[in-house]
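Note sheet for the following structure.
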Amino acid sequence: MGLVKRYFALFLGGSLAIVLAAGLLFAQVEQGNYAPATLGQLQQPSPAALTDDSVYQVAAYPQYTPELAEGEGRAETASFCSLCHSTRYITMQPPLPAATWEAEVTKMRKTLGAPIPDASAALIIKYLQTHYAPETRKQ
Amino acid sequence: MANRLPVRPSALSRRSLLGLFGAAGGTLALGAMALRSTASQVRSATPPFTGPEANPYWNSVGPYVTEPQKAPLLLLTDRGVQLETPRSYFQTAITPNHAFYVRWHLDSIPNAVDLKTWRLQVEGNVAKPVSYSLADLIRKFPAETIAAVNQCSGNSRSRLEPRVAGGQWGNGAMGNARWTGVRLRELLRAAAPKNGSVQVQFQGLDSGPGPEGYGSHFFQKSLDMTDPVLDECIVAYAMNGEPLPMLNGFPVRLVVPGYFATYWMKCLTWIRVLDKTDDNFWMKSAYRIPDTPRGNTTPEDVKAGTVKMIPINRMPVRSFLVSPDGDTKIPAGMPVQVRGIAFSGYGGVTKVDVSVDGLKTWQPARLDEDLGRYSFRTWEFTWTPKGPGRYTLAVRASDSAGNTQPDQTVWNPGGYLWNRIERQDYFVGAAE
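The listed protein sequences derive, respectively, from chains A and B.
Numbering follows this note's numbering, in which position 125 of the first sequence is assigned residue number 125; successive positions increment by one, without gaps.
Numbering follows this note's numbering, in which position 332 of the second sequence is assigned residue number 471; successive positions increment by one, without gaps.
Set out below in structure tokens:
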């Protein structure tokens, strides 16, 4: 009886050591970590339908219009700036000082001929300064 | 995991079994806690903008988008189209066409070109105006091929402090391709420029809604008739042996080896010899640099109006550390192949040095095959980090004109000519 007891204790101790060792081994790797995700997911364009004439054509260039910040002057900014370029030109910028935004709008009007009336230009400048300056930019 | 443990449950009482699983579970839990810091997570997106400090990322921060004939590239703007090439595409000396960056100024760019009617015109102050179909260019002239880097003037603009307005490029507004086409000199010779020719102007198929005479209407760039670079210019109809992607200038674009990409007119359709200096917006106001060493100046000097500005021209020497990208940990003691590219607009790359101790000491990297003096040159450096820690590697290149990249920053109002020594931080972990 004593012998059986001793063997059992030995067996139990050995098993415990093995299990602990195995546990430590498994604890050194991590496996099977999956999670739902959409980051980086893009739709795949289907192949184009081609003809053998002299016209070399590609699909329409996609527009990825950004959300501009809510606020007074947003509509003017979106409509006048979009005459020549996407409003991504605004959201792409780092936060710019008020004077820089004023200079940019002035450059668009005077140097590049954008037909923006004075009143609208003032609204646009104010809007950009209010939402896209270092002190104010949030999105 | 429990069923993989080397235990035979039948040999044990229920009590000891529970005890054992408890112990094993405990060690697993401890292990999991230790691993938590390195576990792979579903990652969050880069922020939608950077600043007012310098952009800390290698690339710009825009999302991946798909555009015609392109692999997913990083979006700066969608109209005009501006797309940046992700870092991983610079592991090879030749940039694939489908990954080559894109930069247009105006919003009306070709979706289709009819080669039955399209003609390249050579006109202006010439004795014999002449026009060529694409077939003429391919058949009537010897084909020349050159490997040359095309880099946007504003590449790395997001590094400047204080930040400047403009395309907020990371380092991916560049690419290297084998360009095949006709020597510009041959086309000019055939048209016979008249006496008093000062510059040659280039214009492509792009246009904008702005009023005529303004930069928002046409994009035009000019080079001096006396500029030696004209001897090296090619009107390219092939890029890496294939037709140019529409977004890179199908059917032909100008290749100006060593010069910034602003002169490399896409969809080139008019070559116009001028009898006076071009004073259109894109020459007179835009793409101008301070006439100072490295084009460096300060906002104060610009404001004071004391800075003489000249048209941008050749690309200063640069080098980039491409791989590994620092995104994964490196085990201590393991040799790592550090790779990258180097180039210069002033002649071939002669030397690339790597520092593994935060710019204190420098060791030469191995240069790979030379594809030509205006090409990317790939380089490789074997680095064996001895122990765990955070390491800053840096790379600097020298060119055959004797220029070596400095560690000083650059600032000018256009955000051009950045060529400071590049760094990459790596985390090295314990391996025993």
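Note that beta-carbon positions come from the ideal geometry of N, C-alpha and C, so glycine has one too.
Within 8 Å, strictly: CB atoms of residue i and residue j
{"i": "residue 78/A", "j": "residue 87/A", "result": "yes"}
{"i": "residue 552/B", "j": "residue 394/B", "result": "no"}
{"i": "residue 220/B", "j": "residue 61/A", "result": "yes"}
{"i": "residue 398/B", "j": "residue 320/B", "result": "no"}
{"i": "residue 390/B", "j": "residue 254/B", "result": "yes"}
{"i": "residue 306/B", "j": "residue 215/B", "result": "yes"}
{"i": "residue 450/B", "j": "residue 422/B", "result": "yes"}
{"i": "residue 413/B", "j": "residue 339/B", "result": "yes"}
{"i": "residue 565/B", "j": "residue 480/B", "result": "no"}
{"i": "residue 486/B", "j": "residue 457/B", "result": "no"}
{"i": "residue 285/B", "j": "residue 396/B", "result": "yes"}
{"i": "residue 233/B", "j": "residue 316/B", "result": "yes"}
{"i": "residue 39/A", "j": "residue 181/B", "result": "yes"}
{"i": "residue 223/B", "j": "residue 312/B", "result": "yes"}
Proximal residues of chain A, C-beta to C-beta of residue i below 7 Å
{"i": "residue 424/B", "result": "111"}
{"i": "residue 253/B", "result": "54, 55"}
{"i": "residue 385/B", "result": "58"}
{"i": "residue 304/B", "result": "93, 96, 100, 104"}
{"i": "residue 246/B", "result": "84, 85"}
{"i": "residue 208/B", "result": "58"}
{"i": "residue 184/B", "result": "39"}
Chain-ordered neighbours of residue i on chain B, where CB pairs are closer than 9 Å
{"i": "residue 81/A", "result": "In chain order: nothing, as chain B lies at least about 11 Å away."}
{"i": "residue 7/A", "result": "Neighbours of residue 7/A on chain B: none; closest Cβ ~11 Å, over 9 Å."}
Nearest residue (CA-CA) to residue i, options the options
{"i": "residue 290/B", "options": "229/B, 361/B, 500/B, 328/B", "result": "229/B"}
{"i": "residue 252/B", "options": "406/B, 509/B, 486/B", "result": "406/B"}
{"i": "residue 281/B", "options": "288/B, 309/B, 325/B, 506/B", "result": "325/B"}
{"i": "residue 262/B", "options": "341/B, 493/B, 249/B", "result": "341/B"}
{"i": "residue 366/B", "options": "564/B, 542/B, 453/B", "result": "453/B"}
{"i": "residue 328/B", "options": "422/B, 411/B, 439/B, 415/B", "result": "411/B"}
{"i": "residue 507/B", "options": "469/B, 522/B, 478/B, 303/B", "result": "478/B"}
{"i": "residue 297/B", "options": "194/B, 498/B, 483/B", "result": "194/B"}
{"i": "residue 119/A", "options": "67/A, 28/A, 11/A, 80/A", "result": "80/A"}
{"i": "residue 353/B", "options": "272/B, 418/B, 449/B", "result": "418/B"}
{"i": "residue 537/B", "options": "530/B, 545/B, 531/B", "result": "545/B"}
{"i": "residue 494/B", "options": "470/B, 339/B, 523/B, 189/B", "result": "523/B"}
{"i": "residue 388/B", "options": "284/B, 182/B, 208/B, 196/B", "result": "208/B"}
{"i": "residue 93/A", "options": "299/B, 271/B, 206/B, 211/B", "result": "299/B"}
{"i": "residue 85/A", "options": "283/B, 332/B, 212/B, 356/B", "result": "356/B"}
{"i": "residue 70/A", "options": "7/A, 5/A, 131/A", "result": "131/A"}
{"i": "residue 190/B", "options": "97/A, 7/A, 15/A", "result": "97/A"}
Where residue i meets chain B, residues with beta-carbon distance less than 8 Å
{"i": "residue 64/A", "result": "202, 204, 214, 217"}
{"i": "residue 129/A", "result": "Within 8 Å Cβ-Cβ: nothing; residue 129/A doesn't reach chain B, min ~13 Å."}
Chain B contact residues for residue i, given Cβ-Cβ distances below 7 Å
{"i": "residue 86/A", "result": "216, 217, 218"}
{"i": "residue 40/A", "result": "203"}
{"i": "residue 45/A", "result": "205"}
{"i": "residue 89/A", "result": "216"}
{"i": "residue 117/A", "result": "The contacting residues do not exist; residue 117/A stays about 15 Å from chain B at best."}
First and last residue of the uninterrupted alpha helix (DSSP H) at residue i
{"i": "residue 536/B", "result": "Careful: residue 536/B lies outside any alpha helix (DSSP H), inside the beta strand (DSSP E) at 528-538."}
{"i": "residue 565/B", "result": "Unbroken run through residue 565/B is the beta strand (DSSP E), 561-568; no alpha helix (DSSP H)."}
{"i": "residue 546/B", "result": "No alpha helix (DSSP H) holds residue 546/B; DSSP gives it neither H nor E."}
{"i": "residue 128/A", "result": "118-131"}
Bounding residues of the beta strand (DSSP E) (the contiguous stretch that carries residue i)
{"i": "residue 473/B", "result": "Run containing residue 473/B: none; DSSP gives neither H nor E here."}
{"i": "residue 271/B", "result": "269-271"}
{"i": "residue 521/B", "result": "516-522"}
{"i": "residue 303/B", "result": "Run containing residue 303/B: none; DSSP gives neither H nor E here."}
{"i": "residue 289/B", "result": "283-290"}
{"i": "residue 181/B", "result": "Residue 181/B -> no beta strand (DSSP E), and no H or E assigned at all."}
{"i": "residue 262/B", "result": "259-263"}
{"i": "residue 315/B", "result": "313-322"}
{"i": "residue 29/A", "result": "Where residue 29/A is concerned, there is no enclosing beta strand (DSSP E), given that its DSSP letter is neither H nor E."}
{"i": "residue 253/B", "result": "251-253"}
Chain A contact residues for residue i, given Cβ-Cβ distances below 9 Å
{"i": "residue 270/B", "result": "Within 9 Å Cβ-Cβ: nothing; residue 270/B doesn't reach chain A, min ~16 Å."}
{"i": "residue 307/B", "result": "92, 93, 94"}
{"i": "residue 225/B", "result": "Here the premise fails: no neighbours, minimum Cβ distance about 11 Å."}
Within chain A, partners of residue i - CB distance below 8 Å
{"i": "residue 189/B", "result": "94"}
{"i": "residue 420/B", "result": "111, 112"}
{"i": "residue 250/B", "result": "57, 58, 59, 60, 61"}
Quick one: complete beta strand (DSSP E) runs, 3+ long, within the segment 41-105 of chain A? Taken in chain order, the unbroken stretches of beta strand (DSSP E) that lie wholly in the segment 41-105 of chain A and span 3 residues or more are 55-57.
Fully enclosed by the segment 197-248 of chain B, which beta strand (DSSP E) runs are 3 residues long or longer? At a cut-off of 3 residues, the continuous stretches assigned as beta strand (DSSP E) that sit fully inside the segment 197-248 of chain B are 212-217, 220-223.
Tell me the start and end of each unbroken beta strand (DSSP E) in the segment 326-391 of chain B that is at least 3 residues and wholly inside, in chain order. 338-346, 357-363, 373-378
Write down every uninterrupted run of the beta strand (DSSP E) in the segment 437-507 of chain B whose length is 3 residues or greater and which is fully enclosed by it, in chain order. 448-450, 457-462, 475-482, 488-494
In the segment 386-436 of chain B, which residue ranges form an unbroken beta strand (DSSP E) of at least 3 residues, counting only runs that do not cross its ends? 392-394, 409-413, 427-429
Residues of the segment 329-361 of chain B with a CB closer than 7 Å to any CB of chain C: list them in chain order, please. In the structure shown, chain C does not exist; the protein chains are A and B.
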